[in-house]
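Step one of this worksheet: look at the structure below.
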Amino acid sequence: MSDERYRERQQRLKDKVDARVAAAQDERGIVMVFTGNGKGKTTAAFGTATRAVGHGKKVGVIQFIKGTWPNGERNLLEPHGVEFQVMATGFTWNTQDRDSDTAACLAVWEHARRMLADDQLDLVLLDELTYMVAYDYLPLESVLSALRERPCPSVGDHHRPRLSSRYY
């Protein structure tokens with residue numbers, strides 16, 4: 009390949025990279041769905057929240073499925089102004105009370121919607137949201153509507169493809 013042809017090819021590549029970098033500077037929301045088998049999804053999401061707090065951002069956390077027991081993430085982040093709202097019923101497979109679990113989910117979902125509407129919050133984490141949709145505690149369209157208004161990270165194993173695509 010001649011030097012001239014090489015320079016032309018590299019210039020085209022540079023133009024593409026420059027265009028991507030310029031597009032990445034646009035202010036826009038982002039939806040991050042952490043999914044997969046095994047551990048690490050919630051840890052990854054809380055890593056994102058911790059990083060945001062470290063950069064002076066305001067963060068809100070909604071925890072579906074979790075109980076009232078203490079956890080390290082909350083102990084670390086709450087003193088830095090991170091608001092936590094927890095479903096507090098424990099694992100739904102332990103309670104085995106669909107009506108109670110659905111009511112608890114909907115109550116916490118109202119806090120989530122409030123946080124999503126709060127333009128003072130830079131990041132809203134919806135921990136285990138995907139279970140709430142998979143178990144039909146929350147209507148998918150309600151979640152998609154809220155995400156259209158304000159994207160946020162969510163985690164869980166049983167995600168619906170529409171939650172991790174561009175349909176919302």
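Residue numbers for the sequence shown follow the numbering used here, beginning at 9 and rising by one.
Cβ coordinates follow ideal geometry from the N, Cα and C atoms, glycine included.
- Item | Simplified DSSP state of ASP135, which is helix, strand or coil | As a first step, residue 135 must be located in the sequence shown, where it is residue number 127. Reduced to three states, the DSSP call for ASP135 is strand.
- Task: Tell me whether the beta-carbon of LEU133 lies closer than 8 Å to the beta-carbon of VAL67.
- Result: Within the sequence shown, residue 133 is the residue found at index 125, counting from 1. Within the sequence shown, residue 67 is the residue found at index 59, counting from 1. Yes, Cβ-Cβ distance for LEU133 and VAL67 is below 8 Å.
- Task: Would you list the residues sitting across from GLU118 in a DSSP beta bridge?
- Result: One-based indexing of the sequence shown puts residue 118 at position 110. Its beta-bridge partners do not exist; DSSP assigns none.
- Item | Selected residue, minimal CA-CA separation from PHE92, among ASP107, LEU146 and GLN71 | What you label residue 92 is simply residue 84 of the sequence shown in a count that begins at 1. Closest by alpha carbon: GLN71.
- Given ARG122 as reference, the closest of ALA154, CYS113, PRO147 and ALA53 once Cα atoms are compared: Here the question's residue 122 lines up with position 114 in the sequence shown. Comparing C-alpha distances from ARG122 to each of ALA154, CYS113, PRO147 and ALA53 shows the shortest one belongs to ALA154.
- Query: Between the C-alpha atoms of THR50 and PHE42, what's the straight-line distance to the nearest angstrom?
  - Reply: By 1-based counting over the sequence shown, the position of residue 50 is 42. By 1-based counting over the sequence shown, the position of residue 42 is 34. Each residue's Cα considered, the two are about 8 Å apart.
- Where GLN19 falls, given that 16 or more other Cβ within 10 Å makes a residue buried: The sequence position of residue 19 within the sequence shown is 11, counting from 1. GLN19 sits exposed, since fewer than 16 C-beta atoms from the chains shown fall within 10 Å of its C-beta.
- Item | Beta-carbon proximity of ARG158 to LEU114, cut-off 8 Å | Working through the sequence shown from its first residue, we reach residue 158 at position 150. Working through the sequence shown from its first residue, we reach residue 114 at position 106. Going by C-beta atoms, ARG158 is not nearer than 8 Å to LEU114.
- Task: Quick one: give me the first and last residue of the beta strand (DSSP E) that GLN71 is part of.
- Result: The count along the sequence shown starts at 1 and reaches residue 71 at position 63. Per DSSP, GLN71 belongs to the beta strand (DSSP E) from 67-71.
- Decide if GLU81 is buried, meaning its Cβ has at least 16 other Cβ atoms within 10 Å, or exposed. Along the sequence shown, one-based indexing puts residue 81 at 73. It is buried - the Cβ of GLU81 has at least 16 other Cβ atoms within 10 Å.
- Task: Thinking VAL39 and VAL61 are a contact (beta carbons under 8 Å), I'd like their distance in whole angstroms, please.
- Result: Counting from one through the sequence shown, the residue named residue 39 turns up at place 31. Counting from one through the sequence shown, the residue named residue 61 turns up at place 53. Contact flag wrong, Cβ pair sits at about 20 Å.
- Task: Buried or exposed for LEU21, please, with buried defined as at least 16 other CB atoms from any protein chain shown within 10 angstroms of its CB.
- Result: Your numbering for residue 21 matches position 13 in the sequence shown. The residue in question, LEU21, is exposed, as its Cβ has fewer than 16 Cβ neighbours within 10 Å.
- The beta strand (DSSP E) with GLU91 in it runs from where to where? Indexing the sequence shown from 1 puts residue 91 at position 83. Taken as a continuous stretch (DSSP letters only), the beta strand (DSSP E) holding GLU91 covers 91-94.
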